[in-house]
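Protein chains: 2
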Amino acid sequence: MIRAQLHRPDPAALVDFLDEHLRSGDCLVQVVSECEVLYSGRAASVAEAGDYLVIVKQDGSVQVHGHRSVKPVNWQPQTDDIFVAIEDGVAVMRAERFQPSEMVRVAFLEPALAQAVGLRESGMFVLMGSEAEMQQALARHPEVIEPGLEVLHRELPTEVGGIDLFARDADGALVVVELKRSKATQEAVHQLSRYVDGVRRTSSEPVRGILAAPAVTAPALNQLGSLGLEFREVSALPGIDDDADRQPSLFAPV
Amino acid sequence: MIRAQLHRPDPAALVDFLDEHLRSGDCLVQVVSECEVLYSGRAASVAEAGDYLVIVKQDGSVQVHGHRSVKPVNWQPQTDDIFVAIEDGVAVMRAERFQPSEMVRVAFLEPALAQAVGLRESGMFVLMGSEAEMQQALARHPEVIEPGLEVLHRELPTEVGGIDLFARDADGALVVVELKRSKATQEAVHQLSRYVDGVRRTSSEPVRGILAAPAVTAPALNQLGSLGLEFREVSALPGIDDDADRQPSLFAPV
DNA sequence: ACATGAATATTGGAT
DNA sequence: ATCCAATTTTCATGT
Numbered sequence: 000m001i002r003a004q005l006h007r008p009d010p011a012a013l014v015d016f017l018d019e020h021l022r023s024g025d026c027l028v029q030v031v032s033e034c035e036v037l038y039s040g041r042a043a044s045v046a047e048a049g050d051y052l053v054i055v056k057q058d059g060s061v062q063v064h065g066h067r068s069v070k071p072v073n074w075q076p077q078t079d080d081i082f083v084a085i086e087d088g089v090a091v092m093r094a095e096r097f098q099p100s101e102m103v104r105v106a107f108l109e110p111a112l113a114q115a116v117g118l119r120e121s122g123m124f125v126l127m128g129s130e131a132e133m134q135q136a137l138a139r140h141p142e143v144i145e146p147g148l149e150v151l152h153r154e155l156p157t158e159v160g161g162i163d164l165f166a167r168d169a170d171g172a173l174v175v176v177e178l179k180r181s182k183a184t185q186e187a188v189h190q191l192s193r194y195v196d197g198v199r200r201t202s203s204e205p206v207r208g209i210l211a212a213p214a215v216t217a218p219a220l221n222q223l224g225s226l227g228l229e230f231r232e233v234s235a236l237p238g239i240d241d242d243a244d245r246q247p248s249l250f251a252p253v
Numbered sequence: 000m001i002r003a004q005l006h007r008p009d010p011a012a013l014v015d016f017l018d019e020h021l022r023s024g025d026c027l028v029q030v031v032s033e034c035e036v037l038y039s040g041r042a043a044s045v046a047e048a049g050d051y052l053v054i055v056k057q058d059g060s061v062q063v064h065g066h067r068s069v070k071p072v073n074w075q076p077q078t079d080d081i082f083v084a085i086e087d088g089v090a091v092m093r094a095e096r097f098q099p100s101e102m103v104r105v106a107f108l109e110p111a112l113a114q115a116v117g118l119r120e121s122g123m124f125v126l127m128g129s130e131a132e133m134q135q136a137l138a139r140h141p142e143v144i145e146p147g148l149e150v151l152h153r154e155l156p157t158e159v160g161g162i163d164l165f166a167r168d169a170d171g172a173l174v175v176v177e178l179k180r181s182k183a184t185q186e187a188v189h190q191l192s193r194y195v196d197g198v199r200r201t202s203s204e205p206v207r208g209i210l211a212a213p214a215v216t217a218p219a220l221n222q223l224g225s226l227g228l229e230f231r232e233v234s235a236l237p238g239i240d241d242d243a244d245r246q247p248s249l250f251a252p253v
């Protein structure tokens, strides 16, 4: 799986290495080095010289990782072109993208390691517990939201956007249900309000609005009240089995 | 910068390696291996056996990278605890987080390489062209939005959220300005509308609403019109010099 | 290609 | 600790 490694390469060797393995297009290339990183495109940024881990994947995506955080310090998805050259005695990689136009330039000031990794394409990935699943479950069991609720539509498109669940309650009133998989904020309230207003504009029937989520923030609940809308608590996920046997922790956070 | 490397380790050696270097807490640890990955928490997911690059940073963040895309296949930010053990003859790493409660479990079915990288903390990172910068610039030069505009407040908190710029125009009317660094969508229009309504509720003075962004989507512009709000085009970034000399591209996208 | 909305969003700042 | 809004959000999807 490890195609090649280069320890403490000089600039020329690093350029050759990158040239060869990036060109092949069938492996992931990594460089650990003191770098200077420049980004220009949708925004512009400069990283002062520092230690970074640079990863270039087969699709041309580039990410520059610092010592913490999941998110890279600097990145670029699916670049169209990658150039490598020596500039002022330093190996430099430049990755460009056309739409939108942007560019990352990494200068490898003091490369410690370069390696090429052959990652075979991997199997399927299964995800459960998304908003889509929650919507499906609630559409099948609307009584969880309110007894007597009858679902008319899922993902009903309107002028102002898609209504997650459109239903009729036991009293015959129309009900707009907005689902949030996680704690609902003011944005969700406003989204719901938008939909309810939209329905009211096209119908003279009474219309209720229900925000269904595992939790709400206090300001959001406030605003719901003042707008005459309702909140209904629904659990986001089926129970998580969480009592596996423990070993002593390896990691002590700073 | 490269503290240690282990090629094709057996499960026991890998566990020892991970134990040692994760415990040290001052280096980034990587494993290239055929893996099986399980996530359970805010959602639940399973990755079938496949080749992945696993990265554990000093802050306990875990990311499992596949062969393409900037985004990891599976990840977890800032875990509280990491455990390593042999289960059924396979080295397994389990990273847990308490708030919210979630867990990633990686089984290293066939490890090709494990390495520990000492990344020194890096220098400052400067970002230009963010919304904060744009706000600052426009607060200093409000005439770019409209001649005669006088800024009263920046980031004015209201009941329904913070107003980016609150101003008075040449005719004495109040002006709510919503800034977007990128193309403005309907969401931005509703945000602006929310703020304008909020101000009108507390003041009988005439109130205008201006959406300032480098571009708008057509539906958003439509809705602006129907709500009696305005759009003003402002460039998000200072000019980007883009005519550096080119070399032949190394990367040909599939 | 463009617009829209979800995401295990993540992250930083304010309260 | 909680809440809130920006993000080079990325990403999938519908039109």
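Going line by line, the protein sequences match chains A and B.
Per numbering that gives the first Met the number 0, the very first residue in the first sequence carries number 0; after that it's consecutive.
Per numbering that gives the first Met the number 0, the very first residue in the second sequence carries number 0; after that it's consecutive.
C-beta atoms are modelled at their ideal positions from N, C-alpha and C, and glycine is treated no differently.
Residues that DSSP places opposite residue i in a beta bridge
i        : result
B/Gly208 : B/Val175
A/Ala219 : Paired residues: none, contrary to the question.
B/Ala187 : None, per the DSSP bridge assignment.
A/Leu0   : The question names Leu, but residue 0 of chain A is Met in the sequence shown. None; A/Met0 has no bridge partner.
B/Leu5   : B/Ala113
Beta carbon proximity, residue i to chain A, threshold 7 Å
i        : result
B/Arg96  : no
B/Gln135 : no
B/Ala217 : no
B/His20  : no
B/Ser121 : yes
B/Ala212 : no
B/Asp15  : no
B/Ser44  : yes
B/Ile1   : yes
B/Gly224 : no
B/Val125 : yes
B/Asp25  : no
B/Glu130 : no
B/Val103 : no
B/Ser203 : no
B/Asp50  : yes
B/Leu118 : yes
B/Glu304 : Since the first residue of chain B shown is 0 and the last is 253, residue 304 of chain B is not available in this structure.
B/Pro252 : Confidence is the limiting factor: at B/Pro252 the pLDDT is only 37, short of 50, which leaves the residue's position unreliable, though a coordinate-based value still follows. Closer than 7 Å to some Cβ of chain A, the Cβ of B/Pro252 qualifies, so yes.
B/Gln174 : Strictly speaking, residue 174 of chain B in this sequence is Val, with Gln absent from that position. False, the Cβ-Cβ gap to chain A never drops below 7 Å.
B/Glu47  : yes
B/Val31  : yes
Proximity test, Cβ basis, 7 Å: residue i and chain B
i        : result
A/Gly57  : The sequence shown places Gln at residue 57 of chain A, rather than the Gly named in the question. Taking Cβ atoms only, chain B reaches closer than 7 Å to A/Gln57, which makes this a yes.
A/Phe230 : no
A/Gly238 : The predicted model places A/Gly238 with a pLDDT of 36, which falls under 50 and marks its position as unreliable; any figure quoted below should be read in that light. No, because no Cβ of chain B sits closer than 7 Å to the Cβ of A/Gly238.
A/Leu112 : yes
A/Pro8   : no
A/Ile162 : no
A/Arg199 : no
A/Gly88  : no
A/Val233 : no
A/Pro76  : yes
A/Gln67  : It should be pointed out that residue 67 of chain A corresponds to Arg in this sequence rather than to Gln. So yes, A/Arg67 belongs to the interface.
A/Ser192 : no
A/Ala12  : no
A/Asp244 : Residue placement at A/Asp244 is flagged as unreliable, the pLDDT there being 37, under the threshold of 50; the coordinate-derived value follows with that caveat. Not an interface residue.
A/Glu142 : no
Outcome for residue i when other beta-carbon atoms lying within 10 angstroms are tallied against a minimum of 16
i        : result
A/Ile144 : buried
A/Thr201 : exposed
B/Met123 : exposed
B/Glu154 : exposed
B/Phe250 : Note that B/Phe250 scores 47 on pLDDT, short of 50, meaning its location in the model is unreliable; the coordinates nonetheless yield the value given after this. Buried.
B/Asp163 : buried
A/Lys182 : exposed
Contacts around residue i, its chain only, beta-carbon distance under 8 Å, and the 5 residues preceding and following it disregarded
i        : result
B/Arg7   : Pro110, Ala111, Leu112
A/Asp244 : Because the pLDDT at A/Asp244 is just 37, under 50, the model does not fix this residue reliably, and the point stays unresolved.
A/Gln185 : Thr216, Pro218, Ala219, Gln222
A/Val188 : Leu210, Ala219, Gln222, Leu223, Leu226, Leu228
A/Pro141 : Leu148, Glu149, Val150, Leu164, Ala166
Residues near residue i by beta carbon distance below 6 Å, same chain, minus five either side
i       : result
A/Ser37 : According to the sequence shown, residue 37 of chain A is Leu rather than Ser. Hits under 6 Å: Val45, Arg104.
B/Gly59 : Gln77, Thr78
B/Val83 : Val14, Leu17, Asp18, Met92
Residue i Cβ short of 6 Å to the ligand SAH heavy atom set
i       : result
A/Ala90 : Among the ligands in the structure shown, none appear at all, so the ligand SAH cannot be discussed.
### Task
Please list the segments of the beta strand (DSSP E) lying wholly inside the stretch 137 to 177 of chain B, counting only runs of 3 or more residues, in order along the chain.
DSSP runs (the beta strand (DSSP E)) wholly in the stretch 137 to 177 of chain B: 149 to 157, 160 to 167.
### Message
In chain order, what are the residue ranges of uninterrupted alpha helix (DSSP H) at least 4 long that sit wholly in the stretch 27 to 86 of chain A?
### Response
none
### Message
Please give me, in chain order, every unbroken run of the alpha helix (DSSP H) with length at least 4 that falls completely inside the stretch 98 to 140 of chain B.
### Response
130 to 139
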